[in-house]
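Down below is the structure, laid out as structure tokens.
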Amino acid sequence: MALAREDSSPLFAGTVAGTLRLMFYLALAMVLMVLDHRNGWMWRVRYATSVVVEPIYRLAGLPAAGMRTLSVAFADRKMLTEQNQRLREDLLLANAKLNRMASVAEQNERLKELLATQRSLELNVQLARVIGVDLGGSPHRLMLNLGAREGVHQGQAVIDAHGVMGQVIEVLPTTSVVMLVTDPNHAVPVTVERTGLRTVAFGSRDGGMLSLPNVPMAADVRAGDKLLTSGLGGRFPPGFPVGEVREVGQSPSGMFLEAHARPTADLDRSEYVLLLHDQPEPAGPPEPATPVGPPADMASPADAAASPAAGSAALAPQRTAPVTHSASANPASANPSASAPATPGAHP
Numbered sequence: 001m002a003l004a005r006e007d008s009s010p011l012f013a014g015t016v017a018g019t020l021r022l023m024f025y026l027a028l029a030m031v032l033m034v035l036d037h038r039n040g041w042m043w044r045v046r047y048a049t050s051v052v053v054e055p056i057y058r059l060a061g062l063p064a065a066g067m068r069t070l071s072v073a074f075a076d077r078k079m080l081t082e083q084n085q086r087l088r089e090d091l092l093l094a095n096a097k098l099n100r101m102a103s104v105a106e107q108n109e110r111l112k113e114l115l116a117t118q119r120s121l122e123l124n125v126q127l128a129r130v131i132g133v134d135l136g137g138s139p140h141r142l143m144l145n146l147g148a149r150e151g152v153h154q155g156q157a158v159i160d161a162h163g164v165m166g167q168v169i170e171v172l173p174t175t176s177v178v179m180l181v182t183d184p185n186h187a188v189p190v191t192v193e194r195t196g197l198r199t200v201a202f203g204s205r206d207g208g209m210l211s212l213p214n215v216p217m218a219a220d221v222r223a224g225d226k227l228l229t230s231g232l233g234g235r236f237p238p239g240f241p242v243g244e245v246r247e248v249g250q251s252p253s254g255m256f257l258e259a260h261a262r263p264t265a266d267l268d269r270s271e272y273v274l275l276l277h278d279q280p281e282p283a284g285p286p287e288p289a290t291p292v293g294p295p296a297d298m299a300s301p302a303d304a305a306a307s308p309a310a311g312s313a314a315l316a317p318q319r320t321a322p323v324t325h326s327a328s329a330n331p332a333s334a335n336p337s338a339s340a341p342a343t344p345g346a347h348p
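1 is the number of the first residue of the sequence shown in the UniProt record's numbering; add one for each residue after it.
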């Protein structure tokens, strides 16, 4: 349906004024296009206008940019948290492995010390591992992983690479209990290495120390003296380190000196120990001493000439021995007159 004249656009009006207005607009557009193409005026206008329009664009894009920033931030935080957790777990695992390696290295060093002790002293020993403390008794007792099935017997001495630890007091089929030298019920016959004084070292009730309560007043005992097993009683072989004197004082009775010593064995750190077996007694008399003198090829002629005479003199009793024996067996042969025939006419 055709539009009414009053509803039509004034630009395209059928009047002369509308036509002139259209031609003016077209001419203005052509001029602007030519000027913009040659001089770039419109670009300058757009450049100047962008300074005012750009903040509007930024403000309009802030919600979307904020959402992107928040999503990236949360994603990065989650990723960093997971990565940090993984790195922390790796660090803990590496530290655990490092500690394990250090423990294994320390254990190897202790085993080397035990092996060196066995080889240097040529002992008949048995290696045992400490599996715990006897929870039902005194804290001065340990439990080993060897028992009667492995040949462990009661009273067997126990040492480590540094000294005497104690003795076996109870033997079970697969385990055994060791009383340490620091137990109040334990005693070790010892000797002072510097002076040779013999005494007895008892376990101290305060724990971790040895007590020597019966030292004579005139005895020469000082701090720093080494205590060795004396071998008395036959339970501990002689010569094993027991402790080191730390202090010497007067006993409560005033009649003796009382010394306190620290054990040389690592009682609270040793994981492996050595069980001493009974040492065999030497069979038969000792070997004869090797004769001392110059070799036979270096002997002088005079010595060589004297040697046959000495040898014949040494053999002479052996040759006359049968004659003497026969004379004693037959008395008549020892008297020649008794064996001779009687002369006729002679009186008996």
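The C-beta atom is built at its ideal place from N, Cα and C for all residues, glycine as well.
Because the structure is a prediction, the values reported are computed rather than measured.
Cα-Cα separation between E281 and V125, rounded to whole angstroms: Position 281 of the sequence shown, counted from the first residue, corresponds to residue 281. Position 125 of the sequence shown, counted from the first residue, corresponds to residue 125. No answer about E281 holds up, because its pLDDT of 48 lies below 50 and its placement is not dependable.
Among G61, G40, N95, M209, the one whose alpha carbon lies nearest that of P263: Position 263 of the sequence shown, counted from the first residue, corresponds to residue 263. The residue with the shortest Cα to Cα distance from P263 is M209.
F24 - containing alpha helix (DSSP H), residue span: By one-based count along the sequence shown, residue 24 stands at place 24. Per DSSP, F24 belongs to the alpha helix (DSSP H) from 16-39.
Residues that T229 bridges to, as DSSP identifies them: One-based indexing of the sequence shown puts residue 229 at position 229. According to DSSP, which records beta bridges pairwise, T229 is partnered with V190.
Where the beta strand (DSSP E) through A218 begins and ends: For this step, residue 218 is matched to residue 218 along the sequence shown. Here A218 belongs to no beta strand (DSSP E), and DSSP marks it neither H nor E.
Rounded straight-line distance, which links the Cα of A157 to that of K112: Walking along the sequence shown from the start, residue 112 turns up at place 112. Walking along the sequence shown from the start, residue 157 turns up at place 157. C-alpha separation (whole angstroms): 20 Å.
Of the listed residues L26, E193, F202, V200, nearest to A223 (C-alpha basis): Here the question's residue 223 lines up with position 223 in the sequence shown. Checked all of L26, E193, F202, V200; the closest Cα to A223 is E193.
Spatial distance of R198 from A96 (CA atoms): Position 198 of the sequence shown, counting from 1, holds the residue named residue 198. Position 96 of the sequence shown, counting from 1, holds the residue named residue 96. If you take the alpha carbons of R198 and A96, they lie about 49 Å apart.
Rounded straight-line distance, which links the Cα of V177 to that of residue 354: The shown model of the chain, from 1 to 348, leaves out residue 354, and the question about it has no answer.
S326 burial status per 10 Å Cβ neighbour count (16 or more: buried): The sequence position of residue 326 within the sequence shown is 326, counting from 1. In this predicted model, S326 has a pLDDT of only 36, less than 50, meaning its place in the structure is not dependable; the value taken from the coordinates is given anyway. Under this definition S326 is an exposed residue.
Contact under 8 Å by Cβ, L146 with V190: In the sequence shown, residue 146 corresponds to position 146, counting from 1. In the sequence shown, residue 190 corresponds to position 190, counting from 1. Going by C-beta atoms, L146 is not nearer than 8 Å to V190.
Separation of A102 from A65, as counted between CA atoms: Locating residue 65 in the sequence shown gives position 65, counting from the first residue. Locating residue 102 in the sequence shown gives position 102, counting from the first residue. Looking at the two C-alpha atoms, the distance is approximately 54 Å.
Helix, strand or coil at M42 [DSSP, three-state]: Start at 1 with the first residue of the sequence shown, and residue 42 comes out as number 42. Three-state DSSP puts M42 in a helix.
Other residues of its chain near P184: CB distance less than 6 Å, five sequence neighbours each side excluded: Here residue 184 refers to the residue found at position 184 of the sequence shown. Around P184: G203, R205.
Backbone secondary structure at T69 - three-state DSSP: Locating residue 69 in the sequence shown gives position 69, where the first residue counts as 1. Three-state DSSP puts T69 in a helix.
Three CB pairs or more closer than 8 Å across the segment 152-171 and the segment 252-270: yes
As assigned by DSSP and simplified to three states, the class of R86: Indexing the sequence shown from 1 puts residue 86 at position 86. Here R86 sits in helix by DSSP.
Endpoints, the beta strand (DSSP E) within which P241 is located: Within the sequence shown, residue 241 is the residue found at index 241, counting from 1. From DSSP, the beta strand (DSSP E) with P241 extends over 241-250.
Whole runs of the beta strand (DSSP E) within the segment 120-187, excluding any shorter than 3 residues: 125-133, 141-144, 157-159, 164-171, 176-180
Helix, strand or coil at F202 [DSSP, three-state]: Residue mapping note: residue 202 aligns to position 202 of the sequence shown, counting from 1. If DSSP states are grouped into helix, strand and coil, F202 belongs with the strands.
Own chain, CB closer than 8 Å to G231, minus 5 neighbours either side, in chain order: For the purposes of this step, residue 231 is taken as residue 231 along the sequence shown, with counting starting at 1. The answer, listed in chain order, is P189, P237, P238, G239.
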